[in-house]
Every structure is written in structure tokens, then in C-alpha cells.
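Visitor: Protein chains in written order, with the numbering used here: chain A, 1 to 422; chain B, 423 to 850.
Structure (C-alpha cells):
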């Protein structure tokens, strides 16, 4: 597993991941831009609008028909928040030509052209996005923003993030804000789109049974040719100093059966190497079935079905996540705090460390078994600026010692305790 | 071992039925790091009434036993928990329960045989005590509460309740807090002994393996050699009619969620298995013609901001039940339902368009091919299909035989208005 990267213009990279392991080819395009309160809603709206049609495929219906003709190529675009960036993601996955019933079909070329067309050659009338599409997508976006509360567990994590990052970029909601929609029209959004395309970081990934010619297909594409050089307007993560403050306790009421408890932890790191230690720390705390949270909150105290934690390496934070009986709030919270404290006291064995290392390493080894996982792995390296081969990655994990994890445990502090209840 | 090769996806299935009745399927995958093993029993939440082989009387158990059993299988007599042991090996282990089967599985890169030791050991050695059964009620109780907060799960279950009078498909897989309170270790042991015999089970393994050698490793770890008698499962008589046309539940959601259900007649009593596969593919194509991303109905509803994205389209079937489900979020579910019915009527009158048909067929073909890339997908698909009497390769083989005449007939036979229900979850 390896990638072949070429910076075709300043700020624009093509990544080729050549492998014959899969029956599908995956073509992905990521546009990365610093997330700001001013532009967050516009970016989200653009990602929805571009799916509606391009200059050569005028409507969603046309795009869908084309994808169906390509043996059900799946086309999708979405918006993500990665660290302090907003990422517009475009994907087409299609059956590789070796598995088509009719030989001599060249689907790869069509797929590359279609996706680049959708992203860089939108359907524009009089220097403006089509009003009809814009109105519909405003409705669609409004619905997505309001839909934030529909999945209560995700909502609780989202709310905890907002509390931890009040008035900061990472506290912004990736789909933006309803009050922005009125100010947006087809003309000013198209103006902004042009600015976005000229200033964002562009990464193009092609994974599958693809030859050198595929790279040329991308480079020679008219839409790509017309892109300008740029110094990307995006943020590379740093290990920002975290201020340890008193715990922020937030309780919110909603019509729920089960209480959702989310605890946001700050991890105060001083270098990038510590990110690997934190990965293992998280695995011990709540990242696996052998973790302290799973064992003590679920298996021993039987307070929860879900009791886990996850590490966001771009921001050096950990979320502890649990669904509990509302009356058990105090009990569960104290028990969770006890687990964080026990980690600080070093109450974990060499065996615990070794067991958790195996799980983490196994996950690293399978990165190359899934196309989208591999693409995201390399994209993550792009954004962090840290390039590590899978083998080196495994070695680093293998060499982590108890004191490294203990050091991390003592860099952890509770930032916010969020509880959603009825 | 019997070898079935499929040239379309260039994959081979090695299959063998052992002396004790266990079916083993192996799908080798070269150059993949991941190895996946899944061991399933043909026993799910629907199997609540049965006659134990060798007995005369009917046994009836509370709802939720199959799922409860799944949770409890990990506990071992020596005080260890197999989930912990597997996790400590660095493998990713799990289990799940559906309406018709329960499965235990792991995915790994290293320590495959050690993990296989543990998996095969714990599935063959139940250990239930009053105490460990009691404590699980707290954990499962929270799992039940979690599902109560999922509007998509509620809208699904309500659809089944609107369609089925008696069939147990309509019961929640987990049971309720009330039904699980009645579960004790005697019930668990009885169900275990009945349904966890190798002759009621299937094992699927996929990864970079030599199949014959792997089969020997499986055999070494099996403790029962004798086949067992037949389990008689008793399902209640189910009328063809639906229960009610519409069901609405109030939950705090930003926009209504809906499911349209179309009750169908049972397929699993058919001798000819290609009948089911053809029908499943046919319905897949029909649903995409009616409400897929390129359909006129989809475009119309999207333009009017009634729907906002792809709707989920599926056909579920098993012992004593079969139905179509169409779900999504919508600003006006009733309008979706009305327009859907109108479109079906029109399509019945006008017949299916040749070009649309060919295009959607290509799409479905591609979707079937895609299933074969991941060891987990492949293994789970072969397992689930096996319990429905199907070899997964048959989808690739049968799709070519489908023509417009068949689809026009299928549309008339299955998409009947008096069999349609609408379930909605919306704000108060």
C-alpha cells in the first residue's frame, strides 16, 4: 500500500493509489478551506448545489441516469469539519472495467470527467446559480440544520463541542446557520464559489486498478487546467496550549427516554509524537471492549449499554459517550471520573497496554483493505503535514511505554460535562 | 469440499456440510490483510414457539430470548468473558441478533487461530447463572431505552405492526423491559440446547486461506459429532390482509419520518429457490424505477421540497412474512404516499419503459458486484442468504433472466393498494 503524489500546481495535488485488490475504482475530490462564521453556511450550500447539475449535465436527473448507466456508479458529496477546516467532499465509486459484463467499456474516463465537471463546471445562468435549484437547496439545508436534534446521541456530542468551543471555529456547525440563508442569492453565492475554488486546498484521489494514464486524464482535463495556483487558505493543526478551567456543567432537557451523557476532555499536548500515545490512552480509557469504561460502567455496574470514548486528534480532545437511566446521572458521572482518575494514578497493567496495542495495530494493518479508509488516511496526512508509512506507524505504537501513557493521563482534564435528559 | 465458482465476480465459494450437520462456507480472498469469521445459528427473535427435538409438548418463551442469549454467550465458567479474551488478542469481536438468526463474529489481521479457538469454545460452552442473567437485564434495559430514542427504529416497528396481525416479525428483537424480566437461566439453557446444535448452524470464513486446511482446523474444534433431530417451529396463522392503513407516533423530531409498507405473501414455502431470488431482484428494479434517484416521482417530490434525498428501498422476507419497505424523511409523508400510489397505478397501466429498465438493471448488477470487495460484507451476505435458502451468487446469475414482462406481472402481483400501509413519526 502506497500512494503516488504529484503536486500538479501549487496547492493542487493528485494522489494515485494503484491496487488490483478491489472490484471498484474510487475517485474522490476534497476541497479544504478554513472554517469561518462568515462562510460556513455558504460552503454547506455549495456542496448541496453542485450536485444539482453542471454545464454538461444540467440536472440531478441527468447525473443520476449517467451514474446508473455506469453500472450504478455511486456519486455523493458532503461536507465535513476536519479540525478548523471545512471540507467539501465529492466521491464517485464505480465497478472496475474488469468486472463489467461487456468488455471494451472504459468507465474510468467517464467517471473522472463527470466528477470534475460537477465540482468545477457548475450550472450557471447569467453569472448566477440557478434560482430554482438554490431555493430548493436552501430548504434542504434548513432541514439539515434543524435535523441536528433528530439523532439524540449525535446531538449531545455536537452540543458538547459547541460548549467547549464557544465563539471558536471548531464550535461552528458544519451545515451552518439558518439566519444566514436570507442573505444568500444566486449571484453572491456564485461570486463566493469562484473565490472558494481559487483559494481552497485541492486534493484529488484515485484508488483502484488505475494506470499512469489516469493521472494524465486528470492533468489534461479542461476543468483542472483552468484552475489557478494558490496558497491554500486552510488551517494545519497545531498543539495549542489548553487552559485548564473549572468544569463547565451543562444540562439540557428534551423528550428523551434515555439520558445521554457526554464528557469533553482536553488533552494538553506539547508535540506530535504524543498524539500516538493519546491514541493508545484512549483505547485503554474507552476505545475498546477491554477499556476501563466498558468494563466498569457497562459490565460491572451495568449502568449503560454504550460507554465509550473517542479521540479527535486534530483538536486533541476526547469525548466520553454514554446512554444511561436519567436517575443514574450522579452515579455514572462519578464512576466515569473514577476511571479518568485511575488512569492518572497509573492503575493499568503492562498486559492492558499490550492488549490494546494489538487492537490498534490490527486496525492500522487493515487501512489498505478498504478504499475509502485508505484515501482518508492519506488525506489526514495531507492535513497534518505528518507523513508516516503504515509500517512506521505500527512501530511507533509497538514502542509506546507505560510512562508515555501515564504522562498523557496527567495531561487530561475535564472541560465540559453535558447531559441531555427529560 | 464442493467448489462453486462465479466468473462474473471472479470468486469461489467452498462449501461443505459436516457429519454433525454444520455447514461451513469459505470464500478465499488473496492479498487481503483482514480475516473474518462468523458463526450463525438459524434462531432469531421470531422463534418463540417450538417443539424441542425428541419432546412432544410445545415450548413457548418470552420475547427477546434469542437476543438475551446472544449477550450471555460470552460469559465463561472460569470467570472470564470471551469478548475480553478476543479483544485482548487484538481482534475485533462482536455478535448480533436478527429476526431469523443470531451470529457471533470477529475480524482480525493476526492471531486468527487463537481467536477461532476462543470463538468456537464459547459458542459451544454456555454458562448461565442466576446472578449473571440478572445483571444483564440492566444492560439490555439501556439498549432498549436507546432504541426508544431512535425515531427511525420506531417508524420501522410501527410499520410492521400495521401490516401483521400475528407473525412475530412485528416484535422488537430485544423484547421489552417487561418480557426480559421473565427470562431466567433455565429458559436460556433450553433455547441454547434446541437451537445451538451444529445442524442448525452455519459458519462462514473469508480471508487469505487454503480452504481445505482451514476446514480441518474447524473440524478439530467441534465437540459434537452427531446430527440432531428436526426442530419444529410454530408460527401463528397470518391473514393476507393488513391490520391498519396508517399509524402515527409523536416524538421530538425536526421533520416527519415515514415508512410505506407493502405486505406480500410468503415466499419461503416455495420449492424453487430461484423464484425468490428473481422476485427479490425484480422488486429491487421496480422500486428503483418508481422512486429511485432518476425516477420522475423522485424528481417531482424533490423539486417541491417534499423529500430531500435518497429514500431507502428494500424487500424483506423470511418464514411466514414478506414485505416491501420504503422509508425516508419528508415534509409531507401523506403526499409521498398518495403520489406513490398514483405512480404505481400509472405504471401498471402504461407498462415499464424499455430504456429505464435496461439502465436500472445495469445499476443493480453493479450493486451486486460491489458486495464482494469486503470480507465482512461477503461473509455476512452468504450467511444471511443461506438462512433464507439462497446462495448469494444466484443474484449475479439470475439478473440476466429478468425481462419486462416478468416485471409488469410482478408489479401487478405485489404492489397492491389494499396491502399498503403508512407509518409516520412526527412532532406533537
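By construction, the Cβ of each residue, glycine as well, lies at the ideal position given by its N, Cα and C atoms.
(1) Report the residue ranges of all alpha helix (DSSP H) runs contained in full by the stretch 512 to 564 of chain B; include only those spanning at least 4 residues, in chain order.
(2) Would you kindly work out how many angstroms separate the C-alpha atoms of residue 106 (chain A) and residue 27 (chain A), rounded to a whole number?
(3) Count the CB pairs spanning the stretch 589 to 596 of chain B and the stretch 656 to 671 of chain B that are closer than 8 Å, and state whether there are at least three.
(4) For the stretch 273 to 292 of chain A, list every residue whose C-beta sits within 8 Å of some C-beta in chain B, in sequence order.
(5) Quick check: what's the CA-CA separation for residue 155 (chain A) versus residue 148 (chain A)?
(6) By the criterion of Cβ-Cβ separation under 7 Å, what are the contact partners of residue 561 (chain B) in chain A?
(7) Under a CB-based cut-off of 8 Å, is residue 730 (chain B) close to chain A?
(8) Please classify residue 496 (chain B): does DSSP put it in a helix, a strand, or coil?
(9) Taking all protein chains shown into account, do 16 or more other C-beta atoms lie within 10 angstroms of the C-beta of residue 176 (chain A), making it buried, or fewer, making it exposed?
(10) What residues from chain A crowd round residue 511 (chain B), counting only those whose CB sits closer than 7 Å?
(11) Quick one: list the residues of chain B neighbouring residue 256 (chain A), beta-carbon separation under 7 Å, in chain order.
(12) Evaluate contact between the stretch 219 to 236 of chain A and the stretch 8 to 20 of chain A, counting only Cβ atoms and requiring at least three cross-stretch pairs below 8 Å.
(13) Assess contact between the stretch 80 to 96 of chain A and the stretch 739 to 750 of chain B, defined as three or more Cβ pairs (one per stretch) separated by less than 8 Å. Is contact present?
(14) Would you decide whether residue 535 (chain B) is buried or exposed? Buried here means 16 or more other CB atoms lie within 10 Å of its CB.
(15) Measure from the C-beta of residue 3 (chain A) to each C-beta in chain B and report whether the shortest distance is under 8 Å.
(16) For residue 501 (chain B), is the classification buried or exposed, using 16 other Cβ atoms within 10 angstroms of its Cβ as the cut-off for buried?
(17) Between the alpha carbons of residue 222 (chain A) and residue 202 (chain A), how many angstroms are there, rounded?
(18) Please name the residue, chosen from A:61, A:83, A:20 and A:273, that lies closest to residue 170 (chain A) on a Cα-to-Cα basis.
(19) Within 10 angstroms of its Cβ, does residue 773 (chain B) collect 16 or more other Cβ (buried), or is it exposed?
(20) Please give the ranges of any alpha helix (DSSP H) in the stretch 700 to 725 of chain B, keeping only runs that are unbroken, at least 4 residues long and fully inside the region.
(21) Between the stretch 121 to 152 of chain A and chain B, which residues of the former have a C-beta closer than 7 Å to a C-beta of the latter?
(22) Tell whether a beta-carbon distance below 8 Å holds between residue 449 (chain B) and residue 804 (chain B).
(23) Do the stretch 439 to 455 of chain B and the stretch 629 to 640 of chain B touch if we need at least three Cβ pairs shorter than 8 Å?
(24) Going by the DSSP bridge assignment, what does residue 77 (chain A) pair with across the sheet?
(25) Residue 725 (chain B) touches chain C at which residues, Cβ-Cβ below 7 Å?
(26) Kindly say whether residue 99 (chain A), judged by its beta-carbon, lies nearer than 8 Å to any beta-carbon of chain B.
(27) Taking just the CA atoms, how far does residue 829 (chain B) sit from residue 652 (chain B)?
(28) Sorted by chain position, which residues of the same chain lie with C-beta nearer than 6 Å to residue 134 (chain A)'s C-beta, five sequence neighbours on each side aside?
(29) By the three-class DSSP mapping on this structure, what secondary structure does residue 417 (chain A) have?
(30) Cα separation between residue 16 (chain A) and residue 272 (chain A)?
(31) Between the alpha carbons of residue 668 (chain B) and residue 840 (chain B), how many angstroms are there, rounded?
(32) Would you say residue 414 (chain A) and residue 265 (chain A) are within 8 Å of each other, going by their C-beta atoms?
(33) Examine chain B for any beta-carbon lying closer than 8 Å to the beta-carbon of residue 176 (chain A), and answer yes or no.
(34) Could you work out which residue in B:715, B:499, B:584 and B:776 is closest to residue 429 (chain A) when comparing CA atoms only?
(35) Indicate the three-state DSSP secondary structure (helix, strand or coil) for residue 755 (chain B) in the structure shown.
(36) Over the uninterrupted alpha helix (DSSP H) stretch that includes residue 582 (chain B), give me the two end residues.
Guide: Let me lay it out:
(1) As for any alpha helix (DSSP H) of minimum length 4 sitting wholly inside the stretch 512 to 564 of chain B, the runs are 534 to 546, ordered along the chain.
(2) Distance between the alpha carbons of residue 106 (chain A) and residue 27 (chain A): 15 Å.
(3) The stretch 589 to 596 of chain B vs the stretch 656 to 671 of chain B: in contact.
(4) Residues passing the 8 Å Cβ filter: 288, 289 and 290.
(5) In this structure, the straight-line span from the alpha carbon of residue 155 (chain A) to that of residue 148 (chain A) is close to 6 Å.
(6) Going along chain A in sequence order, the residues near residue 561 (chain B) (Cβ under 7 Å) are 298, 302 and 305.
(7) By this cut-off, residue 730 (chain B) is an interface position.
(8) Of the three classes helix, strand and coil, the one that applies to residue 496 (chain B) here is coil, per DSSP.
(9) By the Cβ-count criterion, residue 176 (chain A) is buried, with 16 or more other Cβ atoms from all chains shown falling within 10 Å of its own Cβ.
(10) Here the neighbours are 358.
(11) The answer, in chain order, is 571.
(12) Between the stretch 219 to 236 of chain A and the stretch 8 to 20 of chain A there are three or more C-beta pairs closer than 8 Å, enough to call the two in contact.
(13) No, they do not touch.
(14) Flag for residue 535 (chain B) reads exposed.
(15) Using a Cβ-Cβ cut-off of 8 Å, residue 3 (chain A) does not count as an interface residue toward chain B, since no Cβ of chain B sits closer than that to its own.
(16) With fewer than 16 other Cβ atoms within 10 Å, it is exposed.
(17) Residue 222 (chain A) and residue 202 (chain A): Cα-Cα distance of roughly 16 Å.
(18) Ranking A:61, A:83, A:20 and A:273 by Cα distance to residue 170 (chain A) puts A:83 first.
(19) Per the 10 Å Cβ criterion, exposed.
(20) When DSSP assignments are scanned along the stretch 700 to 725 of chain B, the uninterrupted stretches of alpha helix (DSSP H) that are 4 or more residues long and fall wholly within it turn out to be 718 to 725.
(21) Considering only beta carbons, the part of the stretch 121 to 152 of chain A lying closer than 7 Å to chain B consists of 136, 139, 140, 143, 146, 147, 149, 150 and 152, in chain order.
(22) Yes, these two residues count as a Cβ contact at 8 Å.
(23) Enough Cβ pairs lie closer than 8 Å, so yes.
(24) Per DSSP, A:90.
(25) This model lacks chain C altogether, as its protein chains are A and B.
(26) At a cut-off of 8 Å between beta-carbon atoms, residue 99 (chain A) makes contact with chain B.
(27) Looking at the two C-alpha atoms, the distance is approximately 37 Å.
(28) Hits under 6 Å: 186.
(29) Looking at residue 417 (chain A) - three-state DSSP - the assignment turns out to be strand.
(30) Taking the straight line from one Cα to the other gives about 27 Å.
(31) Straight across, the Cα-Cα distance linking residue 668 (chain B) with residue 840 (chain B) is about 12 Å.
(32) Against a cut-off of 8 Å, the Cβ pair of residue 265 (chain A) and residue 414 (chain A) comes out as a contact.
(33) For residue 176 (chain A), the answer is no, since every Cβ of chain B falls outside 8 Å of its Cβ.
(34) Residue 429 (chain A) is absent from the structure shown; chain A starts at 1 and stops at 422.
(35) DSSP, reduced to helix, strand and coil, places residue 755 (chain B) within a helical segment of the structure shown.
(36) Per DSSP, the continuous alpha helix (DSSP H) segment holding residue 582 (chain B) begins and ends at 573 to 585.
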